[in-house]
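Undergrad:
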Amino acid sequence: MYNNDLKQLNLPAIDAEMLKFWQENRIFEQSVEQRDPEKSFVFFEGPPSANGQPGIHHVMARTVKDLFCRYNTLRGFRVERKGGWDTHGLPIELQVEKELGITKEDIGKKITVDEYNSACRATVMRYKDRWDDITRKMGYWVDLDDPYITFNNEYIETCWWLLKRLYEKKTNAGDSYLYKGFTIQPYSPAAGTGLSTHELNMPGTYKDVTDTTIVAMFKVRPDERSAFLFEEADEDVRIMAWTTTPWTLPSNIALTVGPDIRYAKVKTLSPYTGSPVSLVLAQERLSAYFKAEDEGLDFENFKVGDKSLPYKVVQTCSGRDLEGVRYEQLIPLPHLITEAIEARGFRVITGDFVTTEDGTGVVHTAPYFGADDFKVCKAAGVPFIGVFNEKQPDLPFPLVDRQGRFVPEVSEWGGRYVKAEYYSKAEQEEKDFKPTDLLIALRLKEDNKAFRVEKYKHPYPHCWRTDKPVLYYPLDSWFIRASAAKERLSELNKTINWKPESTGTGRFGAWLENLQDWNLSRSRYWGVPLPIWRTEDGSEERCVGSVLELSAEVDKSVAAGLMADNPYKGGFDLHRPYIDDIILVSPGGKPMHRETDLIDVWFDSGAMPYAQWGLDYEKLKNGDEKPFRVPFNTSYPATFIAEGVDQTRGWFYTLHAIAGMCFDSVAYKNVVSNGLVLDKNGEKMSKSKGNVVNPFETIDQFGADATRWYMIANANPWDNLKFDADGILEVRNKLFGTLFNTYSFFALYANLDGWTMNESKVMPYNKRSELDRWVISKLYSLVEDYRAAMDDYEPTRAARVVENFVDEHLSNWYVRLSRRRFWRGELNADKQAAYQTLFECLTVVAQLSASLAPFFSDWLYRNLTAPIREQAKALNSPLRHESVHLTDLVQPDASKVDKDLEKRMDYAQRICSLALSIRKKEKIRVRLPLQKLLLPVLDASFIAEVDGVKDLILAEINVKDIEYVTDSSGLLKKSAKANFKTLGGKLGKDMKDAAAFIAAMSNEDISALEKSGSLAVTFNGNAYTLTPEDLLLSTEDLPGWKTASDGALTVALDVTLTPELLAEGTARDLVNRIQNLRKENDFNVTDRIAVSLERHSAIEDAVLQFGEYIKAEVLADSLEFGENFQGEKVELNDEVSLNIDVRVN
RNA sequence: AGGGCUAUAGCUCAGUUGGUUAGAGCGCUACACUGAUAAUGUAGAGGUCUCCAGUUCAAAUCUGGAUAGCCCUACCA
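In terms of this note's numbering, the first sequence opens at residue 19 and continues consecutively.
1) Using C-beta distances below 7 Å, list every residue in its chain close to P30, excluding the 5 sequence neighbours before and after it, in chain order.
2) Secondary structure at I271, three-state DSSP: helix, strand or coil?
3) For my contact list, Q854 and M781 are in at a C-beta cut-off of 8 Å; report their separation, rounded to the angstrom.
4) From A444, A272, H674 and L304, pick the residue whose C-alpha is nearest to that of R362; which is it?
5) Quick check on P1077: does DSSP put it in helix, strand or coil?
6) Taking the alpha-carbon positions, what's the T262 to L530 distance?
7) Return the Cβ separation of L180 and A625 in integer angstroms, given the expectation that the two are a contact with Cβ distance under 8 Å.
8) On the DSSP letters alone, give me the boundaries of the alpha helix (DSSP H) that V331 sits inside.
9) Roughly how many whole angstroms lie between the Cα atoms of F451 and Y440?
10) Can the beta-carbon of V471 be found closer than 8 Å to that of I232?
11) Please give me, in chain order, every unbroken run of the alpha helix (DSSP H) with length at least 4 that falls completely inside the segment 963-1005.
12) CB T774 to CB I886, shorter than 8 Å?
13) Looking at the secondary structure, which residues open and close the alpha helix (DSSP H) in which E559 lies?
14) Using the Cα positions of L162 and G102, report the straight-line distance between them to the nearest angstrom.
15) Out of curiosity, what's the CA-to-CA distance linking D104 and I167?
16) Can you name, in chain order, every residue of its own chain whose Cβ lies under 6 Å from the Cβ of S901, other than the five neighbours on each side?
17) Can you list, in chain order, the residues of its chain whose CB lies under 8 Å from that of L85, leaving out five sequence neighbours each side?
18) Would you mind listing the beta strand (DSSP E) stretches within the segment 161-207 that are 3+ residues and don't spill past its ends, in chain order?
19) Tell me which same chain residues have a C-beta within less than 7 Å of the C-beta of D615, skipping the five on either side of it?
20) Whose C-alpha, out of F998, S993, R99 and R922, is nearest the C-alpha of D965?
21) For the segment 177-195 and the segment 620-636, state whether three or more C-beta atom pairs, one from each stretch, are separated by less than 8 Å.
22) By DSSP's criteria, F61 is part of a beta bridge. Which residues make up the other side?
23) Identify the continuous beta strand (DSSP E) that holds F3 and give its terminal residues.
24) Using the rule of at least 16 other Cβ atoms within 10 Å of the residue's Cβ for burial, across every protein chain shown, is M19 buried or exposed?
25) Considering only their Cβ atoms, is the gap separating N1090 from R945 smaller than 8 Å?
26) How many angstroms separate the CA atom of A851 from the CA atom of N822?
27) So, for E1098: in the same chain, excluding its five sequence neighbours on each side, which residues have a beta-carbon less than 6 Å away from its beta-carbon?
28) Considering L952, what are the terminal residues of the beta strand (DSSP E) in which it resides?
29) To which residues does DSSP link V863 through a beta bridge?
30) Spell out a yes or no on whether the segment 367-374 and the segment 450-467 are touching, meaning 3 or more CB-CB pairs, one atom from each, closer than 8 Å.
31) Kindly list the residues whose CB is nearer than 8 Å to the CB of S778, restricted to its own chain and excluding five residues on each side of it in sequence; keep chain order.
32) According to the Cβ coordinates, are T368 and G337 closer than 8 Å?
33) Over what stretch of residues does the beta strand (DSSP E) that includes K517 continue unbroken?
34) Quick one: grab the DSSP three-state call for S1155.
35) Taking the beta carbon of N43 as the centre, do at least 16 other beta carbons fall within 10 Å, making it buried, or is it exposed?
36) Taking Cβ positions, are T521 and V663 nearer each other than 8 Å?
This is how it looks when you write it as structure tokens:
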């Protein structure tokens, strides 16, 4: 018996049933284990962080991952899916700090590093249960029992090994791929760490902010070099420079001009004080500060606050002329002026990056707070300004500390945060709170050093975690020299199959071509420690590549008396603070301390292909190139990975960079990047908007399959998805509802007939009916299309072809037309064939939908195959498997595809559709039979083709016969249109004339061309030959007939009604009414009944002539006119109602 | 500011190498069909294929430009 218990589709219930079944029978494990390890399809799981709740977008991303893994499992590959957790990094540290109510500065003071790290360790897995739950519920198959965890020693150790490999790898110039450098980097004082470029490239980091900007006036020092700017010795000559970061002004040390830009000297008055001044700025920028009509106004009449500022251009020169001109420090900090600064600071220098698009064409230059500034100062030999540094006099300490505060040496503002956002909310809201930038502006106004102070809106980078502005700040950091590998990384990238392609070539490709070095350093506590030890003077250093190596080094250190004992003999932890206690001994016998930095967490995740397995010490000792544990050898590189498009510069990059630089290999061959999940209005989901979709609720309500199917079928995964629960509902009803009902139908009748599938006794296809062979053909066409789409990583296309088959072909044509075969008569050969055909369609559909809808498809498969499982096991036949996920995916089979048959059926469908539309127009109900259908014949094969499906057409549209109308009948009137496709190429400009000519061809002309096969024509003096293919024929209405047409196909219906036809129609109506009564009265499908009808003239003929037919249709043993009985009033048509009594015999 | 993607019916999306009348589903209206159906069929309403220009006999499709949205890149002071 086939299970037919469910009255209605209940996907969540099916989910629960299947989950239990999978778990109890280890179906996932079996699906992996039963495949050959040598035939692997390698998948990498990008580790999520379990310190946040899973969202609906995770369901999206994981559906993509899961469906390709399942598909390739069905194809016979072994698809190991090791799960993983991302456990390090700033988000976790910040969360812990927030919860403990501490800041980074408190670590090591209020709380020990040890305690702090324990708190981090406890936090990272906070929502692991929720994640495991959603993983199970959404049907994502991944190994959760043995995940890789990035904080484990083995994992960290592998990261070390990779780092050491980079450390030892040298460029052609002899530079190491891992190096320490002093650079200006994005730095987040709030987070207390530098940020990598890809952290700065996180979505949402650039925000529009409104800053106080100042156009400052730098007073030129008169000397030989600047003499050309002075008309009189005591003239007040100043250079104008604009800044959006006034807090960098105390650190100003140079002004940069464009060497080829023209500059003007303007005599004017200082707008805030009214004192006379001569200003230098780019000529092109004059109009931004001076109105043309103000030129030449009388200086005497100006009063401070006036709208019109009198001025006069007195001189121009090039940027090159200004080079070397010296000026006074804008904000005097005499205690910071060294000899070097006195000699080479406060000068005009030149730089190519200067433009005249905004500002004054002069760039205020503070080398510690701008990468360009730093570069240009170094090139020009301009020293840095800051607090004196004894150890490195040429690298003074910056005037802003690591918390983002001015150091005390910046007298007036010492101790103040340079950005308002670094103050607490309460402080910012205090009545007399003024941002430091504003205080500086006020000071400059007062001191006659500001030309203009105004608010300016511009984009500024923010820390992706703290949301506070980033500073550019001088830091010592360790870098990976990615820039040295960019050509090779680009080349390797070209071998990767990106979905969509544009992400690989555009977004990712362009990024690689412009690759910067990867800043690895993080001055934090909870992460992978940088495994580099250095002597204090930096002259000797050692990069450690494994715990084994570290332990050996510690032994040496113990021997040298630097450490008391070696902690790596027993249990240990590679994190800070313990690792910081390790002191190594240098070859020269000096103590070496670890560089205190941690590494960027993105390195952790990019290292997962290797670190998920860990180091193999045997291989390590043998000097193996890739000393990682099995199954690394069969698990690299990945065949397939998938993640959100936001990972392009994240995980996709770090995987690629590490693989390329360490092993000259790609890390993955195919990559699918999915887009964002937006709300139904296309807006980003966010907690503040309250439009976040809860994945648990969604899945509970609609089931995982409908959710998954909707997400993939609605739009390509790389397009953003406008998530709308109504769409899930539609999928549930249309696809799963239809499939469910098709199965229920099958089960109902198979159970009645006691039929079960017998794999060893299937009827050959050529013995089956046209309709059977047609749906089988469609099915195997589907198999081909589906596999092609999936092999091409096009899941949306794959889902849509399955949907289309189920709805359009299987349910609405095959089943609809086959119904009578199932419910009538005994279990003969034709009925067997119908069962077998439908069974095959359903099992194959179960397989094809298994990847995307794992629950329902398994439910379907198991129901279909349960009655024959034991038999299949004995025969070792394909249906022996307990779960669809253990089966082998059906192979494409061209011998089962019959395109001619598909074409014939297409005719049948179109003819039926046309005939029904005529009935509709003529208001002739389908139950009323008609005499004949006329079909104009278009070409030689038409009759044979339609004859093949004639019976189906007649039954479907309730017509007695088909008559073909040929040329010879004289009824046919053909018309022709030009076939632009065939003619366009050969006719070119004469196309229009030809189209007109062909449209005007008469019936005779067309027939003549068809007979002779060619027609010579001339257009505009050019001779051509027309062939029948150049014409698209159609027939015009048949005079006196009701017709309808679709393209070239025309049908005509004989709507003449005879008494006999009317009686038959009434008989069919009666059948329908009686059937409805059976249904209403909940009779069993097989119950025999007795029918009494109220005598009525409207039905007498019908009962007399078609009584036997009616009895057969409604399973009646008797059908008679009764006189007095308690029947039900039934409406036969608008005029007639009568009583009908049905009862079970 | 630059790069990429997207723009087709009220909504979600198709639309193959340019080819004549641009499609589907949902939703809406009306009718019909059904002893599997939460279905289905037929008909109707709903489109300046974002806009402009170009190439071509022919453009939703190719080219250029513009506009809008999204994503990315960017310390341009």
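By construction, the Cβ of each residue, glycine as well, lies at the ideal position given by its N, Cα and C atoms. Given the structure is predicted, the values throughout are model-derived calculations rather than measurements.
TA: Based on what the coordinates show:
1) Within the first sequence, numbered from 1, the residue matching residue 30 stands at position 12. Same-chain partners within the cutoff: D718 and G721.
2) Taking the first sequence and counting its residues from 1, the one referred to as residue 271 is at position 253. Three-state result, I271: coil.
3) For the purposes of this step, residue 854 is taken as the residue at position 836 of the first sequence. For the purposes of this step, residue 781 is taken as the residue at position 763 of the first sequence. M781 and Q854 do touch by the CB rule: their CB atoms are close to 6 Å apart, below 8 Å.
4) Locating residue 362 in the first sequence gives position 344, where the first residue counts as 1. Ranking A444, A272, H674 and L304 by CA distance to the CA of R362 puts A272 first.
5) The residue labelled residue 1077 in the question sits at position 1059 within the first sequence. Reduced to three states, the DSSP call for P1077 is helix.
6) The sequence position of residue 262 within the first sequence is 244, counting from 1. The sequence position of residue 530 within the first sequence is 512, counting from 1. Cα to Cα, T262 sits roughly 31 Å from L530.
7) Position 162 of the first sequence, counted from the start, is the residue given in the question as residue 180. Position 607 of the first sequence, counted from the start, is the residue given in the question as residue 625. About 6 Å; that satisfies the 8 Å criterion.
8) The count along the first sequence starts at 1 and reaches residue 331 at position 313. Annotation for V331: no alpha helix (DSSP H) segment contains it, though the beta strand (DSSP E) segment containing it runs Y329 to S336.
9) In the first sequence, the residue the question calls residue 451 occupies position 433. In the first sequence, the residue the question calls residue 440 occupies position 422. Approximately 13 Å, taken between the alpha carbons.
10) By 1-based counting over the first sequence, the position of residue 471 is 453. By 1-based counting over the first sequence, the position of residue 232 is 214. It is a contact, given that the beta carbons lie within the stated cut-off.
11) With a minimum length of 4 residues, the continuous alpha helix (DSSP H) runs that stay inside the segment 963-1005 are 968-975 and 998-1005.
12) On the first sequence, residue 774 is found 756 positions in, with the first residue counted as 1. On the first sequence, residue 886 is found 868 positions in, with the first residue counted as 1. For T774 and I886, yes; Cβs fall inside 8 Å.
13) Position 541 of the first sequence holds residue 559. For E559, no alpha helix (DSSP H) run applies; the uninterrupted beta strand (DSSP E) run containing it begins and ends at E559 to C561, by DSSP.
14) If you number the first sequence from 1, residue 162 lands on position 144. If you number the first sequence from 1, residue 102 lands on position 84. Taking the straight line joining both Cα atoms gives about 8 Å.
15) By 1-based counting over the first sequence, the position of residue 104 is 86. By 1-based counting over the first sequence, the position of residue 167 is 149. D104 and I167: Cα-Cα distance of roughly 7 Å.
16) Position 883 of the first sequence, counted from the first residue, corresponds to residue 901. The residues are I45 and D876.
17) What you label residue 85 is simply residue 67 of the first sequence in a count that begins at 1. R726, I730, P813, S869 and L870.
18) Unbroken beta strand (DSSP E) stretches of 3 residues or longer found wholly inside the segment 161-207: 161-167 and 196-206, given in chain order.
19) Numbered from 1 along the first sequence, position 597 holds the residue referred to as residue 615. Excluding positions up to five away in sequence, the list reads W496, S539, R540, S541 and L548.
20) Taking the first residue of the first sequence as position 1, residue 965 is located at position 947. Of the listed residues, the one whose Cα sits closest to D965 is R922.
21) Counting Cβ pairs under 8 Å, three or more are found: they touch.
22) For the purposes of this step, residue 61 is identified with residue 43 of the first sequence, where counting begins at 1. For F61, DSSP records a beta bridge to F658.
23) For residue 3 there is no data in the structure shown, the boundaries of the chain being 19 and 1163.
24) The residue labelled residue 19 in the question sits at position 1 within the first sequence. Under this definition M19 is an exposed residue.
25) In the first sequence, counting from the first residue as 1, residue 945 sits at position 927. In the first sequence, counting from the first residue as 1, residue 1090 sits at position 1072. Yes; because the gap between Cβ atoms is below 8 Å, this pair is in contact.
26) Stepping through the first sequence from its first residue, residue 851 is reached at position 833. Stepping through the first sequence from its first residue, residue 822 is reached at position 804. Using only the alpha carbons, I get a separation of about 24 Å.
27) In the first sequence, counting from the first residue as 1, residue 1098 sits at position 1080. Within the same chain, E1098 has no close Cβ partners at all.
28) For this step, residue 952 is matched to residue 934 along the first sequence. Taken as a continuous stretch (DSSP letters only), the beta strand (DSSP E) holding L952 covers L948 to P954.
29) Within the first sequence, the letter at position 845 stands for residue 863. DSSP lists no partner for V863.
30) No, they do not touch.
31) By 1-based counting over the first sequence, the position of residue 778 is 760. Answer for S778: L893 and S895, listed in chain order.
32) In the first sequence, counting from the first residue as 1, residue 368 sits at position 350. In the first sequence, counting from the first residue as 1, residue 337 sits at position 319. A contact, by the Cβ cut-off of 8 Å.
33) Against the first sequence, residue 517 aligns to sequence position 499. In the DSSP annotation of this structure, the continuous segment of the beta strand (DSSP E) that includes K517 starts and ends at N515 to K517.
34) Numbered from 1 along the first sequence, position 1137 holds the residue referred to as residue 1155. S1155 falls in the strand class under three-state DSSP.
35) Taking the first residue of the first sequence as position 1, residue 43 is located at position 25. Of the other Cβ atoms in all chains shown, fewer than 16 fall within 10 Å of the Cβ of N43; this residue is therefore exposed.
36) Stepping through the first sequence from its first residue, residue 521 is reached at position 503. Stepping through the first sequence from its first residue, residue 663 is reached at position 645. Against a cut-off of 8 Å, the Cβ pair of V663 and T521 comes out as a contact.
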